[in-house]
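Taking the numbering used here, the leading residue of the sequence shown gets 12, the next gets one more, and so forth.
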Amino acid sequence: MNVFQFRISIVGIPRLYRIIEVSENCTFDDFHEVIFKAFDRYDEHLYSFFLTGKDTKNMRKIFDSPEITHPYNLEEVIGVEKPMKSSAKIRIKDIGLKKNDIMHYLFDFGDKWWHLIKVEDIVETKSRKKIMNVITAVGESPPQYPDYDDEDDE
């Protein structure tokens, strides 16, 4: 079984990233959970993974790429022409990731926390258990909800 090592950064915040290892038998819902915990989040929201293959700042390319999303998001979307897949059903091994592949991850469709995910390494292991670990944490996680009260006082 393969274990994927991912480097996950929050777009726009330099020197902040996590290195996470996830086994190929994990679903994208499992992957979301380890990212959620790695960035010290506490309030669940909808999310999507966009399989861009490489880094891009072009939002149209991101949104036009294959999408794996929270199961509830599949129920909410009306009139979307692009097929989306459920994060609860698709496993890491199902999408054919290779070293250096990139994907984009959007957490919280309101606050729009964009993440860049890069496949750093793929290692074979004899274990058959699900593996989901944070290996490295660089930088302090930003608060899930920035404090906007200071702006109201002015």
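A virtual CB, placed ideally from N, CA and C, is assigned to each residue, including glycine.
Just so you know, these numbers come straight off a predicted model, no measurement behind them.
Excluding residues up to 5 positions away in sequence, Q155 lie with their Cβ nearer than 7 Å to the Cβ of D54 in the same chain. Here V149 is exposed: its Cβ has fewer than 16 other Cβ atoms, across all protein chains shown, within 10 Å.
Residue range 13 to 21 is occupied by the beta strand (DSSP E) that includes R18, with no alpha helix (DSSP H) assigned at that position. At least 8 Å separates the beta-carbon of I31 from that of I21. Using a C-beta cut-off of 8 Å, the region 116 to 136 makes contact with the region 56 to 64, since at least three inter-stretch Cβ pairs fall below that distance.
In the structure shown, D75 falls within a helical segment according to DSSP collapsed to helix, strand and coil. Between I113 and T63, the beta carbon gap of about 6 Å places them in contact (Cβ cut-off 8 Å).
The distance from the Cβ of V134 to that of V14 is about 5 Å, consistent with a contact at the 8 Å cut-off. A direct Cα-Cα distance of roughly 11 Å separates G107 from I101.
For the pair M12 and S138, the Cα-to-Cα distance works out to about 7 Å. DSSP, reduced to helix, strand and coil, places E32 within a strand of the structure shown.
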